[in-house]
Amino acid sequence: MSANGSPSGKQPTATYDSPFLKACRREPVPHTPVWFMRQAGRSLPEYRKVREGVGMLESCMRPELVTEITLQPVRRHGVDAAIYFSDIVVPLKAIGVDLDIKPGVGPVVERPIRTRADLAQLRDLTPEDVPYITEAIGLLTAELGSTPLIGFAGAPFTLASYLVEGGPSRTYENAKAMMYGDPELWADLLDRLADITAAFLKVQIEAGASAVQLFDSWAGALAPADYRRSVMAASAKVFRAVEGYGVPRIHFGVGTGELLGLMGEAGADVVGVDWRVPLDEAARRVGPGKALQGNLDPTVLFASREAVETKTREVLEAAAGLEGHIFNLGHGVMPATDPDALTRLVEYVHEQSAR
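Each residue of the sequence shown is one higher than the one before, counting from 6 in our numbering.
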């Protein structure tokens, strides 16, 4: 049986009729569900307190700490879904890739992948590599009850970019050089990462995650033709691998307005939209049969309460005709965001969208 109820007609679990999962399935909801990317993170003083002196990767491998951090925004904000606290490079670290997350920089890879021989760093991931994931999700689902837990992973393109560049990049020159100059090596790299990512998501679903989100954070650097030719097949492979579980699959990227249709075509049930494209226009680009997620500009939360409410109404109005809508920011919560602004935003969306 899948984590949010099996399509074969078996009895659903406690989360099946939650507003979040109903919206993912494009069913009527009592109110528009809300959650925020990076809702468990640096904007919360309680997060900073429990993370004090603990490195990012280490914190992702401590089940009790992961549980506490994941639950913090649910308690504080009353969001309609929890997002599992982790990092997109965790599966790479778990299979032995020599990397670290450096404060103020991000993931840094000791030996970037530049040749075919470098692919040897990427072995298959097994559940035994990430026992802390299974333990943490077990603890979380017991605490969350009817609130769904979203599992997540980095998409093959974004992971490949980190691995080839050796760290964060604004230009992706090494990754794109491989994509254009050695398409066979590039395809093999993404295919291997698709298998690792799918295995990582399967562990989360089998442990009890009710939905999964694939973050292709860097896909906005690609032209649509390059995405279709060199990236889409790997993301589609990930989505196919978890299709049989019957859990909603969300696909999100930043700066991906020109890719929205292709990202939906890759196999997502829900397409995440950043703040650059209004949701009604995003729906036209994605086409029928998909729910949308988004898309308040995260910087709006630094404005006055009245301005936040005005911009929020604009998002809700643009979403009025959608088959399914999950309210979110167009990217992650920024570290300096006032947590009370997020709490008020959840209340306001629930109030304005009550059916």
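The beta carbon of each residue, even a glycine, is placed where N, CA and C say it ideally should be.
Presumed contact (8 Å Cβ cut-off) between residue i and residue j, rounded CB distance
i: residue 275; j: residue 65; result: Between residue 65 and residue 275 the Cβ distance is about 24 Å, and since that is not below 8 Å, they are no contact.
i: residue 162; j: residue 223; result: 7 Å
i: residue 277; j: residue 255; result: 6 Å
i: residue 62; j: residue 98; result: 6 Å
i: residue 240; j: residue 296; result: Contact flag wrong, Cβ pair sits at about 18 Å.
i: residue 49; j: residue 81; result: 7 Å
i: residue 216; j: residue 155; result: 5 Å
Straight-line gap, residue i to residue j (C-alpha atoms, nearest Å)
i: residue 84; j: residue 358; result: 14 Å
i: residue 307; j: residue 190; result: 44 Å
i: residue 34; j: residue 321; result: 14 Å
i: residue 330; j: residue 345; result: 23 Å
i: residue 182; j: residue 342; result: 37 Å
i: residue 290; j: residue 129; result: 36 Å
i: residue 69; j: residue 76; result: 11 Å
i: residue 250; j: residue 202; result: 15 Å
i: residue 117; j: residue 228; result: 24 Å
i: residue 267; j: residue 233; result: 7 Å
i: residue 24; j: residue 51; result: 27 Å
i: residue 194; j: residue 248; result: 22 Å
i: residue 184; j: residue 192; result: 8 Å
i: residue 211; j: residue 236; result: 27 Å
i: residue 180; j: residue 311; result: 43 Å
i: residue 101; j: residue 279; result: 33 Å
i: residue 360; j: residue 151; result: 20 Å
Check whether residue i and residue j have beta carbons under 8 Å apart
i: residue 326; j: residue 301; result: no
i: residue 26; j: residue 293; result: no
i: residue 220; j: residue 257; result: yes
i: residue 37; j: residue 354; result: yes
i: residue 351; j: residue 113; result: no
i: residue 138; j: residue 209; result: yes
i: residue 287; j: residue 264; result: no
Identity of the residue in the options nearest residue i by Cα
i: residue 178; options: 268, 282 and 166; result: 166
i: residue 153; options: 230, 191 and 218; result: 218
i: residue 53; options: 74, 79 and 233; result: 74
i: residue 314; options: 340, 348, 79 and 187; result: 348
i: residue 261; options: 207, 351, 120 and 281; result: 281
i: residue 109; options: 173, 87 and 305; result: 173
i: residue 31; options: 43, 337, 324 and 312; result: 324
Heavy atom of the ligand GDP within 7 Å of residue i beta-carbon
i: residue 332; result: The ligand GDP is not part of this structure, which contains no ligands at all.
3-residue-minimum beta strand (DSSP E) runs that sit fully inside the region 118 to 176, ordered along the chain: 154 to 159
Complete runs of the beta strand (DSSP E) confined to the region 52 to 114 [at least 3 residues]: 104 to 107 and 111 to 114
Minimum length 3: unbroken beta strand (DSSP E) runs contained in the region 226 to 306: 254 to 257, 275 to 277 and 296 to 301
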